[in-house]
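Undergrad: The listed protein sequences correspond, in order, to chains A and B. With the first letter of the first sequence counted as 1, position 164 gets the number 165 in the working numbering; the numbers rise by one all the way through. With the first letter of the second sequence counted as 1, position 307 gets the number 328 in the working numbering; the numbers rise by one all the way through.
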Amino acid sequence: MRLLVVEDDADLNRQLVEALVEAGYAVDTASDGEEGHFLGDTEPYDAVVLDLGLPKLDGLSVLENWRRDGRVMPVLVLTARDRWSDKVAGIDAGADDYVSKPFHMEEILARVRALVRRAAGHASNELTCGPLRLDLRTSRVTRDGTAIKLTSHEYRLLTYLMHHQGKVISRTELTEHLYEQDFDRDSNTVEVFVGRLRKKIGADLIETIRGLGYRLGDAREG
Amino acid sequence: MKAEDDAPAADDRRSKKNRLGSLAQRLVRVAALWSVIALAVAGFILVGLYQQAGERGFDAQLDQHVKTLLASALPDTPNAVAGAAAAPDVLRLREPDALGEPRFSLPLSGWYWSLEQVAEARTDVLFASASLVGDPLVLPQIGATDELASGFAAGPGSEEVRYLRRRVALGDQSYILSAAIETAGFRADVWEFARNVALTLLVVGIGLVGAIFWQVSFGLKPLTRLQRSLSDVREGRREQVDEDMPRELAPLAVELNALIHSNREVVGRARTHVGNLAHALKTPISVLTNEARTSEGPLAQKVAEQTALMQTQVQHHLERARQAAQRRVIGVACEVEPLTERLARAMSKIYQSRGIDLSHDAPEGLRFLGEAQDLEEMVGNLLDNACKWARSEVAIEVRRQEAEGHGRRWLEVVIEDDGPGLSEEQMREAVKRGRRLDETVPGTGLGLSIVADLAALYGGAVRLERAQRGGLRAKLQLPAADERTLT
Numbered sequence: 002m003r004l005l006v007v008e009d010d011a012d013l014n015r016q017l018v019e020a021l022v023e024a025g026y027a028v029d030t031a032s033d034g035e036e037g038h039f040l041g042d043t044e045p046y047d048a049v050v051l052d053l054g055l056p057k058l059d060g061l062s063v064l065e066n067w068r069r070d071g072r073v074m075p076v077l078v079l080t081a082r083d084r085w086s087d088k089v090a091g092i093d094a095g096a097d098d099y100v101s102k103p104f105h106m107e108e109i110l111a112r113v114r115a116l117v118r119r120a121a122g123h124a125s126n127e128l129t130c131g132p133l134r135l136d137l138r139t140s141r142v143t144r145d146g147t148a149i150k151l152t153s154h155e156y157r158l159l160t161y162l163m164h165h166q167g168k169v170i171s172r173t174e175l176t177e178h179l180y181e182q183d184f185d186r187d188s189n190t191v192e193v194f195v196g197r198l199r200k201k202i203g204a205d206l207i208e209t210i211r212g213l214g215y216r217l218g219d220a221r222e223g
Numbered sequence: 022m023k024a025e026d027d028a029p030a031a032d033d034r035r036s037k038k039n040r041l042g043s044l045a046q047r048l049v050r051v052a053a054l055w056s057v058i059a060l061a062v063a064g065f066i067l068v069g070l071y072q073q074a075g076e077r078g079f080d081a082q083l084d085q086h087v088k089t090l091l092a093s094a095l096p097d098t099p100n101a102v103a104g105a106a107a108a109p110d111v112l113r114l115r116e117p118d119a120l121g122e123p124r125f126s127l128p129l130s131g132w133y134w135s136l137e138q139v140a141e142a143r144t145d146v147l148f149a150s151a152s153l154v155g156d157p158l159v160l161p162q163i164g165a166t167d168e169l170a171s172g173f174a175a176g177p178g179s180e181e182v183r184y185l186r187r188r189v190a191l192g193d194q195s196y197i198l199s200a201a202i203e204t205a206g207f208r209a210d211v212w213e214f215a216r217n218v219a220l221t222l223l224v225v226g227i228g229l230v231g232a233i234f235w236q237v238s239f240g241l242k243p244l245t246r247l248q249r250s251l252s253d254v255r256e257g258r259r260e261q262v263d264e265d266m267p268r269e270l271a272p273l274a275v276e277l278n279a280l281i282h283s284n285r286e287v288v289g290r291a292r293t294h295v296g297n298l299a300h301a302l303k304t305p306i307s308v309l310t311n312e313a314r315t316s317e318g319p320l321a322q323k324v325a326e327q328t329a330l331m332q333t334q335v336q337h338h339l340e341r342a343r344q345a346a347q348r349r350v351i352g353v354a355c356e357v358e359p360l361t362e363r364l365a366r367a368m369s370k371i372y373q374s375r376g377i378d379l380s381h382d383a384p385e386g387l388r389f390l391g392e393a394q395d396l397e398e399m400v401g402n403l404l405d406n407a408c409k410w411a412r413s414e415v416a417i418e419v420r421r422q423e424a425e426g427h428g429r430r431w432l433e434v435v436i437e438d439d440g441p442g443l444s445e446e447q448m449r450e451a452v453k454r455g456r457r458l459d460e461t462v463p464g465t466g467l468g469l470s471i472v473a474d475l476a477a478l479y480g481g482a483v484r485l486e487r488a489q490r491g492g493l494r495a496k497l498q499l500p501a502a503d504e505r506t507l508t
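(1) Identify the contact partners of arginine 119/A in chain B, using a Cβ-Cβ distance below 9 angstroms as the criterion.
(2) Under 9 angstroms, do valine 7/A and glutamate 36/A count as touching if we go by C-beta distance?
(3) In whole angstroms, give me the CA-to-CA distance for arginine 412/B and histidine 123/A.
(4) Classify glutamine 166/A: buried if its beta carbon has 16 or more other beta carbons within 10 angstroms, exposed otherwise.
(5) In whole angstroms, give me the CA-to-CA distance for tryptophan 524/B and alanine 45/B.
(6) Just to make sure I have the definition right: I need the residues of chain A whose C-beta is within less than 9 angstroms of the C-beta of isoleucine 306/B. Which are they?
(7) Give every residue of the same chain whose Cβ lies closer than 6 angstroms to the Cβ of serine 380/B, excluding the five residues on either side of it in the sequence, and list them in chain order.
(8) Along the beta strand (DSSP E) that carries histidine 123/A, what are the first and last residues, could you check?
(9) Whose CA, out of Arg68/A, His38/A, Ala31/A and Ser125/A, lies closest to the CA of aspartate 12/A?
(10) Taking glutamate 397/B as the query, report the chain A residues whose CB atoms sit under 8 angstroms from its CB, ordered along the chain.
(11) Taking 9 angstroms as the CB-CB limit, is asparagine 311/B close to chain A?
(12) Figure out for me which residue from Ala142/B, Asp378/B, Ala477/B and Gln373/B has the closest Cα to the Cα of glycine 391/B.
(13) Would you mind working out which of Arg15/A, Asn66/A, Asp52/A and Ala48/A sits nearest aspartate 33/A, comparing C-alpha positions?
(14) For alanine 301/B, would you say it is in contact with chain A, using Cβ-to-Cβ distances shorter than 9 angstroms as the test?
(15) In whole angstroms, give me the CA-to-CA distance for valine 57/B and glycine 226/B.
(16) Which ranges does the beta strand (DSSP E) cover as unbroken runs of at least 3 residues, wholly within the region 186-241 of chain B, from first to last along the chain?
(17) Out of Arg259/B, Asp474/B, Pro157/B and Ala365/B, state which residue places its alpha-carbon closest to the alpha-carbon of serine 135/B.
(18) For the region 52-79 of chain A, enumerate the residues whose C-beta is nearer than 7 angstroms to any C-beta of chain B, in chain order.
(19) So which residues of chain B does leucine 13/A contact, with C-beta pairs closer than 9 angstroms?
(20) Would alanine 115/A pass as an interface residue toward chain B - the criterion being a Cβ-Cβ separation below 9 angstroms?
(21) I want to check one thing, is the minimum distance from the CB of glycine 42/B to the heavy atoms of the ligand HEM below 8 angstroms?
(22) Under three-state DSSP, which class holds threonine 190/A?
(23) What number of angstroms, rounded off, separates the C-alpha of aspartate 167/B from the C-alpha of arginine 188/B?
(24) Spell out whether any CB of chain A is found under 9 angstroms from the CB atom of alanine 575/B.
(25) Does chain A have any CB closer than 9 angstroms to the CB of glutamine 332/B?
(26) Does the separation of the CB atoms of glutamate 174/A and alanine 27/A fall below 9 angstroms?
(27) Give the residues from the region 2-27 of chain A that approach chain B closer than 8 angstroms (Cβ to any Cβ), ordered along the chain.
(28) To which residues does DSSP link tyrosine 99/A through a beta bridge?
(29) Mind listing the chain B neighbours of alanine 81/A? Cutoff is C-beta to C-beta under 7 angstroms, in chain order.
(30) Need the endpoints of the alpha helix (DSSP H) that tyrosine 156/A sits in, please.
(31) From the DSSP output, in three-state form, read off arginine 15/A for me.
(32) For the candidate residues Ala61/B, Ala488/B, Arg186/B and Ile163/B, whose alpha-carbon lies nearest to that of lysine 88/B?
(33) Kindly list the residues whose CB is nearer than 6 angstroms to the CB of proline 117/B, restricted to its own chain and excluding five residues on each side of it in sequence; keep chain order.
(34) Quick one: complete alpha helix (DSSP H) runs, 4+ long, within the region 43-130 of chain B?
(35) So which residues of chain B does aspartate 93/A contact, with C-beta pairs closer than 9 angstroms?
(36) Distance cutoff 9 angstroms, beta carbons only. Does lysine 496/B sit that close to anything in chain A?
See the structure below:
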């Protein structure tokens, strides 16, 4: 899962990124409205955390521009203005949820998790695929009740596949959703990660569709 | 608090207005007083002139009689008169005849004459009219040097008479000829005239006062128009006062508009300022709070403690600043339906994951007499509360309320949920005003006391009761604007 954080306060930006990376997301950042708008317009994010008080281009305009251009990724709005008129303006501009400042990081993590889950059409915080279970709140992965230890990249890959299970995901799409913008993508190819993940969760769950990509699914069901 | 202050202030304004009276009344009073005085003076002058003319008529008539008297008293032979200068004792006046007026012969008819001879210090009556029946005709003395005197006096029957006396010198003898006519008819005539004049002037006066009324009301019409225009602004029917006024009032209208505009601007600025302040303070607090939570050790703990304190303080002072910025701006109104619809839509989105069924029902065209932001804040808080506690259903309904007293219009927003609701005690506590500043736990009825404060600011109220479906029903009563379209 790849996120975009647009926040002009450098410290808050760093904290958000740290917390989100730790929760298993690939995170890009922008510190002003224009940069944020450009990234959101060109990169395929699974969710955006957007501050409304931004220099150069305010958050509301950024959001409106995205929506007008047909960008539909879920957006969590951060705002210090906690009047309902501000909140409703945010929601009306296309935000999916809002968090008022000051906030606790847990709040952000929970909201982002919910947004990503909702966007993928899942109702629960626990994703399952056959014997495999993934708890989004605790980042715990189990197979038949046995815990599996994953690296952060493996976890990201699995989360993305779990959110989109049953669908064929191309290598490009995976690359786009797993890595930050400035990540050296050549040295860590998707194939390598898929191989490692198969070893850990069982080869039967990830199917390679030749020429197209991968599909996660319970082979026993299909 | 402010809403309660309003009432005595209005009373004060009213009593001041009474003390100064109405402008129209002042104008009418002064003009009417002036008209009455002028008409009265004119009446007196008219009657006086009429009387003078009457007296002159009398005197001419009397003079005629006196001259006839003299002519008929003189002896027939003209040379006798001519010779009289030479031989005074030759001249003998004879008794004059009837003077061609029978009333001089009727006893006490009111028409008298007498002919006296002046002899040194006294006068001897030589002849007198038959009407005197022997009584003397007592008239004021004629001055020693005067040739003619006239005036009013009492006649023998103690009736008032107009008299004229003429001194005539014949040879070395001096005679006084007098004639008097009673004035009863003349007096009645003057009274009749005075009554007619008074009646005429009364009619003229009434006409004048009516004209003054019309003039004043016509002249002050623009003032009424200005007042109506201003009240339109107050009621939210117009954005600003009509500036198309007479030259004397146009600057006032312009100033009023400037005042209304600046009032709106000041409140707008204050609100923006609070928003900016919130942004400027809350971001660093977020940073500190989160930094402290991710670190360990005594410093982190201290920071966490202090930022929690700071957060409460900032919240407190922002609330204060927001309260200070909350002011009723006159002439602001907003349509309710789009606003509640927007809020309902936003809430459905925010509480999407909870699967709340939110129904919205509001009449079109109904307008709230106040700031859209404030209405949004009130309905937003109530709706948020309802969505937070509801099991599956939330309903928001907006309706008109029939005007009750003072012709003020009201609207009511009813929001209910099917959640656990509140106990009677909790309901009372929740809408207690001004409690939010001491409130430290966010989200526990805090929103409701904000709603109560705001509603009170607009003279409205929020009431909580148990909903039919079990949860809480909040009834928000607010002033509605006139539903005429904005010009």
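Virtual Cβ for every residue (Gly too), placed ideally from N, Cα, C.
TA: The answer reads as follows:
(1) Taking the first sequence and counting its residues from 1, one reaches residue 119/A at position 118. From the beta-carbon of arginine 119/A, the residues of chain B found nearer than 9 angstroms are Gln373 and Ser374.
(2) As a first step, residue 7/A is located in the first sequence; it is residue number 6 there, counting from the start. As a first step, residue 36/A is located in the first sequence; it is residue number 35 there, counting from the start. Contact: yes.
(3) Sequence index remark: in the second sequence, residue 412/B carries index 391 (1-based). Sequence index remark: in the first sequence, residue 123/A carries index 122 (1-based). Here the C-alpha atom of arginine 412/B lies approximately 21 angstroms from the C-alpha atom of histidine 123/A.
(4) Taking the first residue of the first sequence as position 1, residue 166/A is located at position 165. Buried, because 16 or more other Cβ atoms sit within 10 Å of the Cβ of glutamine 166/A.
(5) It is not possible to answer for residue 524/B, since the shown part of chain B is limited to 22 through 508.
(6) Within the second sequence, residue 306/B is the residue found at index 285, counting from 1. What isoleucine 306/B touches in chain A: Lys102 and Pro103.
(7) On the second sequence, position 359 is the one that residue 380/B refers to. Within the same chain, serine 380/B has close Cβ partners Ala416.
(8) The residue labelled residue 123/A in the question sits at position 122 within the first sequence. It is not in any beta strand (DSSP E) - histidine 123/A carries neither H nor E in the DSSP assignment.
(9) Position 11 of the first sequence holds residue 12/A. The residue among Arg68/A, His38/A, Ala31/A and Ser125/A with its C-alpha nearest the C-alpha of aspartate 12/A is Ala31/A.
(10) The sequence position of residue 397/B within the second sequence is 376, counting from 1. The answer, in chain order, is Arg84, Trp85, Ser86 and Val89.
(11) If you number the second sequence from 1, residue 311/B lands on position 290. Yes, its Cβ sits closer than 9 angstroms to a Cβ of chain A.
(12) What you label residue 391/B is simply residue 370 of the second sequence in a count that begins at 1. From the listed residues Ala142/B, Asp378/B, Ala477/B and Gln373/B, the smallest Cα separation to glycine 391/B is found for Ala477/B.
(13) Here residue 33/A refers to the residue found at position 32 of the first sequence. Checked all of Arg15/A, Asn66/A, Asp52/A and Ala48/A; the closest Cα to aspartate 33/A is Asp52/A.
(14) Taking the first residue of the second sequence as position 1, residue 301/B is located at position 280. Yes, its Cβ sits closer than 9 angstroms to a Cβ of chain A.
(15) Translated into the one-based positions of the second sequence, residue 57/B becomes position 36. Translated into the one-based positions of the second sequence, residue 226/B becomes position 205. Their backbone Cα atoms lie some 7 angstroms apart in a straight line.
(16) Runs found: 194-203.
(17) To locate residue 135/B, count along the second sequence from 1; it is residue 114. Comparing Cα-Cα distances from serine 135/B to each of Arg259/B, Asp474/B, Pro157/B and Ala365/B, the minimum goes to Pro157/B.
(18) The region 52-79 of chain A vs chain B, Cβ under 7 angstroms: Gly54.
(19) Locating residue 13/A in the first sequence gives position 12, where the first residue counts as 1. In chain order: Thr304, Pro305, Ser307, Val308 and Asn311.
(20) For this step, residue 115/A is matched to residue 114 along the first sequence. Yes, because at least one Cβ of chain B sits closer than 9 angstroms to the Cβ of alanine 115/A.
(21) As for the ligand HEM, it is missing from this structure, which has no ligand bound.
(22) Position 189 of the first sequence, counted from the first residue, corresponds to residue 190/A. Assigned with DSSP and collapsed to three states, threonine 190/A falls in coil, not helix or strand.
(23) To locate residue 167/B, count along the second sequence from 1; it is residue 146. To locate residue 188/B, count along the second sequence from 1; it is residue 167. Each residue's Cα considered, the two are about 7 angstroms apart.
(24) This structure cannot settle anything about residue 575/B, because the visible part of chain B is limited to 22 through 508.
(25) Counted from its first residue, the second sequence places residue 332/B at position 311. It does: the Cβ of glutamine 332/B has a partner Cβ on chain A nearer than 9 angstroms.
(26) Against the first sequence, residue 174/A aligns to sequence position 173. Against the first sequence, residue 27/A aligns to sequence position 26. Cβ atoms of glutamate 174/A and alanine 27/A: not closer than 9 angstroms.
(27) The region 2-27 of chain A vs chain B, Cβ under 8 angstroms: Asp10, Asp12, Leu13, Gln16, Glu19 and Ala20.
(28) Your numbering for residue 99/A matches position 98 in the first sequence. Beta-bridge pairing links tyrosine 99/A to Val78/A.
(29) Here the question's residue 81/A lines up with position 80 in the first sequence. Around alanine 81/A, the beta-carbon contacts reaching into chain B at under 7 angstroms are Ala299, His300, Lys303 and Thr304.
(30) Here residue 156/A refers to the residue found at position 155 of the first sequence. Following the DSSP letters along the chain, one finds tyrosine 156/A inside the alpha helix (DSSP H) bounded by residues 153-164.
(31) The residue given as residue 15/A occupies position 14 in the first sequence. Correct three-state label for arginine 15/A: helix.
(32) Counting from one through the second sequence, the residue named residue 88/B turns up at place 67. Cα-wise, what sits closest to lysine 88/B is Arg186/B.
(33) Against the second sequence, residue 117/B aligns to sequence position 96. Short of 6 angstroms from the beta carbon of proline 117/B, and not among the five residues preceding or following it, lie these beta carbons of its own chain, in chain order: Leu90, Ser93 and Ala94.
(34) Within the region 43-130 of chain B, the complete alpha helix (DSSP H) runs of at least 4 residues are 44-94 and 99-105.
(35) On the first sequence, position 92 is the one that residue 93/A refers to. Result: Arg363, Arg366 and Ala367.
(36) Taking the second sequence and counting its residues from 1, the one referred to as residue 496/B is at position 475. Interface with chain A (9 angstroms Cβ-Cβ cutoff): lysine 496/B is excluded.
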